[in-house]
Structures are given as structure tokens and as C-alpha cells.
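Engineer:
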Amino acid sequence: MDQAESASDVTVLQFKQDTALTEMMRLRVSSLQRSGQKRQDGERLLLPHEAVYRLDFHVQELNFTRWYFSLTGHGRVTITGISQHWTPDLTHLMTRQLLEPIGTFWRNAEDPEDSQLKCLEADMQEFGERIAELAKVRKVMYFLFAFKDGAEAANLSCSVEFTPEK
Numbered sequence: 054m055d056q057a058e059s060a061s062d063v064t065v066l067q068f069k070q071d072t073a074l075t076e077m078m079r080l081r082v083s084s085l086q087r088s089g090q091k092r093q094d095g096e097r098l099l100l101p102h103e104a105v106y107r108l109d110f111h112v113q114e115l116n117f118t119r120w121y122f123s124l125t126g127h128g129r130v131t132i133t134g135i136s137q138h139w140t141p142d143l144t145h146l147m148t149r150q151l152l153e154p155i156g157t158f159w160r161n162a163e164d165p166e167d168s169q170l171k172c173l174e175a176d177m178q179e180f181g182e183r184i185a186e187l188a189k190v191r192k193v194m195y196f197l198f199a200f201k202d203g204a205e206a207a208n209l210s211c212s213v214e215f216t217p218e219k
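Numbering-wise (the working numbering), the sequence shown opens with residue 54 and increments by one.
Below, the structure written as C-alpha cells:
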């Protein structure tokens, strides 16, 4: 950060679990199972270890700065961005709407609990830049969070830091 910039120029957005959308997607899965129907061609159904999160952009001209990620215990969390403005009550989530790269953070079971989380830094940098790019055209963005290897939503804190475009 430039010394001329103040800390007030920094925007940190917390990922918030969208329980209503997560439940709506789970109802879609159970409805298909009960009726014996198959998903639509290309449709992406929510898996049991996944949840929908969102970011709300109050400012839309942003530059990505860094990720803040905290996970108590061990496990792996994968974050996949959704490129379309999508609502499961109106449209189904399609595989082609999922962004690349995905973000992955993890701590292995043999790692000490106070050890730093691991991630693929180049992918995380590109992912953060894609989020900032999409923020220019929308006020809300949705994400699929997948919890694996012992990771749980209750043990997670995830946010992303931006600075305003100059």
C-alpha cells in the first residue's frame, strides 16, 4: 500500500452464508430424488458438503488486494465462483456458470492446528482479480463453498480485501 493511501481506502468483504439459497438448492436435489427425475443436462446440483455464500459489493470499482482466511482445525475448503447472476428459485445452476480458477485452502491432519493454511497462491490471486472484475457489473456475487476432510462452516472465516480503483 502506498504511504499516501490511508487504511480507510481498504474494503474488506466477508463471505456470508446464504442459508435461504442453500436450502432452495437442497430442496431441488430432494425433489429430483423423490420424483425419480434426473437433473437437466449441464445442471449443477448442490452436494451435501457444499453451501452457498455471497459477497455484497457496496462499491463496484475495486482492485483485489488479498485474502483473509481462517479455519479452526484441519480440512479443505474449496470456493467456486458463479459467473451468472443466478437464483435457484428462477433458474437452475448450470456447470458452465462456474468460474475458473477455484480457490482452495487447507490444513492437513498431520499439520499443527496453529500452522498457516496452505493455498495455491497463483490461483488465489487470479480468483481474487476475477471477483474484482465481476464486481464492476454486479452488486452481489454467489459462491459454492465445499467443506472436505473435516472442515466445517462453523470453523471458517473468509473475507477478501480490495482497494478502490484510481
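The C-beta atom is built at its ideal place from N, Cα and C for all residues, glycine as well.
(1) Do you know how far the Cα of residue 202 is from the Cα of residue 172?
(2) Within 8 Å (strictly less), CB to CB, does residue 68 reach chain B?
(3) Quick one: give me the first and last residue of the beta strand (DSSP E) that residue 168 is part of.
(4) Where are the beta strand (DSSP E) runs, 3 residues long or more, that stay fully inside the stretch 192-218, in chain order?
(5) Can you list, in chain order, the residues of its chain whose CB lies under 6 Å from that of residue 54, leaving out five sequence neighbours each side?
(6) State the start and end residues of the unbroken alpha helix (DSSP H) segment that holds residue 75.
(7) When DSSP labels each residue in this structure, what does residue 103 get in the three-state scheme?
(8) Taking just the CA atoms, how far does residue 154 sit from residue 102?
(9) Report the partner residues of residue 65 according to the DSSP bridge assignment.
Structural biologist: Walking through what the data contain:
(1) The alpha-carbon separation between residue 172 and residue 202 amounts to approximately 15 Å.
(2) Among the chains of the structure shown, chain B does not appear; only one protein chain is present.
(3) Segment: none, residue 168 is in no beta strand (DSSP E) and carries neither H nor E.
(4) List check, beta strand (DSSP E) in window: 193-201 and 209-217.
(5) With a pLDDT of 36 at residue 54, under the threshold of 50, the modelled position of this residue cannot be trusted; read the value that follows with caution. For residue 54, where only same-chain residues beyond five positions count, there are no Cβ hits under 6 Å.
(6) Its alpha helix (DSSP H) spans residues 72-88.
(7) Annotated three-state conformation of residue 103 is strand, per DSSP.
(8) Residue 102 and residue 154: Cα-Cα distance of roughly 20 Å.
(9) For residue 65, the beta-bridge partners assigned by DSSP are 214.
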